[in-house]
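Be aware that the sequence shown starts at 440, since it is given in this note's numbering, and climbs by one per residue.
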Amino acid sequence: MGHLDHASFGWLTPVLSYAMACTGAALGLRCTVRALGATGRARRNWLLAAASAIATGIWTMHFVAMLGFSVSGTEIRYDVPLTILSLLVALVVVGAGVFAVGYGRGRGRALALGGLTTGLGVASMHYLGMAALRLHGSVRYDPMLVGLSVAIAVVAATAALWAGLNIKSPVAVVGASLVMGGAVSSMHYTGMLAVSVRVSPSATALPGAAVMQFVFPLAVGLGSYLFLTSAFVALSPTAREREATAAAQRPVESTTH
440 MGHLDHASFG WLTPVLSYAM ACTGAALGLR CTVRALGATG RARRNWLLAA ASAIATGIWT
500 MHFVAMLGFS VSGTEIRYDV PLTILSLLVA LVVVGAGVFA VGYGRGRGRA LALGGLTTGL
560 GVASMHYLGM AALRLHGSVR YDPMLVGLSV AIAVVAATAA LWAGLNIKSP VAVVGASLVM
620 GGAVSSMHYT GMLAVSVRVS PSATALPGAA VMQFVFPLAV GLGSYLFLTS AFVALSPTAR
680 EREATAAAQR PVESTTH
């Protein structure tokens, strides 16, 4: 059996991956709050932004954490199409969950459906990302821990969507995002505890891309997207602020006529 190290760079990758999960959650919650206060095309656009933020945060969290993953006796490479597919799955399924909540008529039913869909999507993203691993040996999973990681993903997703529906205060959003980031990280590392590797030493070159050639640049790019979008959302006026500005301008317009 190969020795697995989940933090070969020390605390750097766990802390950075947690920060990515929190950032995606906070941005997703703020966009959901904006969406619920909007109508028509604006609601759709805010929901798309929320889904992309949450999915990007979760995917980036997973692969930043994987930067610190190593197995003694073998190098690790990643299948590029499967890695990209894991990102697309996260975007599509998280989007379905967010839209179910954003447009659902019965909140309880929409929340249950959205949480289940999103949680299963998060778990699918994680295990697709793990399926993209290429190493000299075979990977096995503990079924109990896999089931626990999926349950954590569903609970975390449901809590995230509930927070999007019920939490409006920016301070409360920050607190909720910290809890959600912890839940997503717990799901990831629970899933990683389920992994065992039987190494088969070989001199044959592994297919796929090295982590620093592909995963790291992609994670940096998506992380930059999260931070830039966060700045945009923070600076853009809320519906209440736009109404207040419009109300302040009306007396001025009436006196000029």
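Idealized CB from N, CA, C, for every residue including glycine.
With a contact defined as Cβ atoms closer than 8 angstroms, Arg516 and Ala649 qualify at about 6 angstroms.
Per DSSP, the continuous alpha helix (DSSP H) segment holding Gly541 begins and ends at 519-542.
Within its own chain, the residues whose Cβ lies closer than 8 angstroms to the Cβ of Val638, once the five positions on either side in sequence are excluded, are Met440, Gly441, Val510, Ser511, Gly512, Thr513, Leu574, His575, Gly576, listed in chain order. The three-state secondary structure of Leu645, taken from DSSP, is coil. DSSP, reduced to helix, strand and coil, places Ser563 within a helical segment of the structure shown.
Taking every protein chain shown into account, the CB of Met626 has 16 or more other CB atoms within 10 angstroms, so this residue is buried.
Membership of Ser588 in the alpha helix (DSSP H) is indicated by the continuous run 582-605.
In the DSSP assignment, Ser635 falls within the unbroken beta strand (DSSP E) covering 634-638. The count of Cβ pairs closer than 8 angstroms, one atom from the region 490-505 and one from the region 473-482, stays below three, leaving the stretches out of contact.
Across the structure, Trp485 and Val472 are spaced so that their CA atoms are roughly 9 angstroms apart. Selection Gly534, Ser616, Ile606, Ala590 evaluated against Thr629 yields Ala590 as nearest (Cα-Cα). Distance between Asp444 and Phe508, taken at the CA atoms: about 6 angstroms. Where Leu486 is concerned, the enclosing alpha helix (DSSP H) starts and stops at 479-505. Gly568 is positioned such that its CB atom lies no closer than 8 angstroms to that of Gly536.
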